[in-house]
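>
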Amino acid sequence: MKKLLLIVLLLPFFINANELVFKLLEVNGAKAFFAQSKGQMAKVMYMTDPSLKPYSGLVEKWEEDYFSWEKVKLSIAPIYASKFTNSELEEIVNFYTTGKPDSFLVTNTGKKFQSLLPEINQEFTMNGHKYMSHVSPFLYEAVSNSTKSLKQDK
Numbered sequence: 016m017k018k019l020l021l022i023v024l025l026l027p028f029f030i031n032a033n034e035l036v037f038k039l040l041e042v043n044g045a046k047a048f049f050a051q052s053k054g055q056m057a058k059v060m061y062m063t064d065p066s067l068k069p070y071s072g073l074v075e076k077w078e079e080d081y082f083s084w085e086k087v088k089l090s091i092a093p094i095y096a097s098k099f100t101n102s103e104l105e106e107i108v109n110f111y112t113t114g115k116p117d118s119f120l121v122t123n124t125g126k127k128f129q130s131l132l133p134e135i136n137q138e139f140t141m142n143g144h145k146y147m148s149h150v151s152p153f154l155y156e157a158v159s160n161s162t163k164s165l166k167q168d169k
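Residue numbers (our numbering): 16 to 169.
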């Protein structure tokens with residue numbers, strides 16, 4: 016019962032924090048960068064495992080399913096949410112929306128943001144590797160199922 020009460024009380028905080036992080040991911044260019052890199056995961060998979068090339072339709076569907084912006088942003092939002100308060104997130108969003116003024120960089124939030132950037136980037140990389148290891152088996156399962164289906168059809 017105590018856990019349920021805690022969840023109910025903290026849920027608005029997490030929703031608000033994530034909304035601020037989602038806004039940050041838009042204004043800092045992450046969403047646009049992600050949109051421009053569509054198709055890159057398929058290329059990575061082909062380079063990593065050339066035997067996937069005959070299954071390009073499955074690879075592209077896999078990328079579409081597992082690397083949509085909606086899924087990726089949910090995966091990376093906790094990185095920012097765990098490091099900054101809501102008011103700090105608002106300040107960082109404002110920094111990006113006002114043209115990145117140098118004056119922000121001398122504020123406490125600006126200094127904190129600058130000092131945490133290497134750690135944040137490292138966590139993005141680690142998160143990406145972890146996410147990839149979680150979702151790549153689904154691609155190989157789809158390829159395996161496709162191969163089995165082709166063999167049964169013969």
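All C-beta atoms in this analysis are idealised placements derived from N, C-alpha and C, irrespective of residue type, glycine included.
#1: To the nearest whole angstrom, what separates the beta carbons of Ser161 and Leu73, a pair I think is in contact under 8 Å?
#2: Excluding the five sequence neighbours on either side, which residues of its own chain have a C-beta within less than 8 Å of the C-beta of Gln137, listed in chain order?
#3: Counting C-beta neighbours from all protein chains within 10 Å, is the total for Glu78 16 or more, i.e. buried, or is it exposed?
#4: Report, in whole angstroms, the separation of the C-beta atoms of Ile94 and Asn142, which I expect to be a contact under 8 Å.
#5: Is the CB-CB distance between Met56 and Phe82 below 7 Å?
#6: What does the Cβ neighbour count give for Thr100, buried or exposed, with the cut at 16 atoms within 10 Å?
#7: Between which residues of its own chain and Ser71 is the CB-CB distance below 7 Å, once the five residues before and five after are set aside?
#8: In three-state DSSP terms, what is Asn43?
#9: Since I believe Phe49 is in contact with Val87 (beta carbons under 8 Å), could you give me their beta-carbon distance rounded to a whole number of angstroms?
#10: Would you give the residue range spanned by the alpha helix (DSSP H) that Leu73 belongs to?
#11: In terms of residue numbering, what span does the alpha helix (DSSP H) encompassing Leu104 cover?
So, from the listed chains and residues:
#1: Counted from its first residue, the sequence shown places residue 161 at position 146. Counted from its first residue, the sequence shown places residue 73 at position 58. At roughly 6 Å, the Cβ-Cβ gap stays under 8 Å, so Ser161 and Leu73 are in contact.
#2: Translated into positions along the sequence shown, residue 137 becomes position 122. Correct list: empty, nothing qualifies.
#3: The residue you call residue 78 lines up with position 63 of the sequence shown. The residue is buried, with at least 16 neighbouring Cβ atoms inside 10 Å.
#4: As a working note, residue 94 is residue 79 in the sequence shown. As a working note, residue 142 is residue 127 in the sequence shown. Going by Cβ atoms, the distance from Ile94 to Asn142 rounds to 7 Å, so yes, they are a contact pair.
#5: Reading the sequence shown from its first residue, position 41 is the one you call residue 56. Reading the sequence shown from its first residue, position 67 is the one you call residue 82. For Met56 and Phe82, yes; Cβs fall inside 7 Å.
#6: For the purposes of this step, residue 100 is identified with residue 85 of the sequence shown, where counting begins at 1. The residue in question, Thr100, is exposed, as its Cβ has fewer than 16 Cβ neighbours within 10 Å.
#7: Along the sequence shown, one-based indexing puts residue 71 at 56. Cβ neighbours of Ser71 beyond the five flanking positions: none.
#8: Indexing the sequence shown from 1 puts residue 43 at position 28. The answer is coil: DSSP assigns Asn43 none of H, G, I, E or B.
#9: Taking the sequence shown and counting its residues from 1, the one referred to as residue 87 is at position 72. Taking the sequence shown and counting its residues from 1, the one referred to as residue 49 is at position 34. Between Phe49 and Val87 the Cβ distance is about 6 Å, and since that is below 8 Å, they are a contact.
#10: Reading the sequence shown from its first residue, position 58 is the one you call residue 73. Run containing Leu73: Ser71 to Tyr81, per the alpha helix (DSSP H) assignment.
#11: Taking the sequence shown and counting its residues from 1, one reaches residue 104 at position 89. Residues Asn101 to Thr112.
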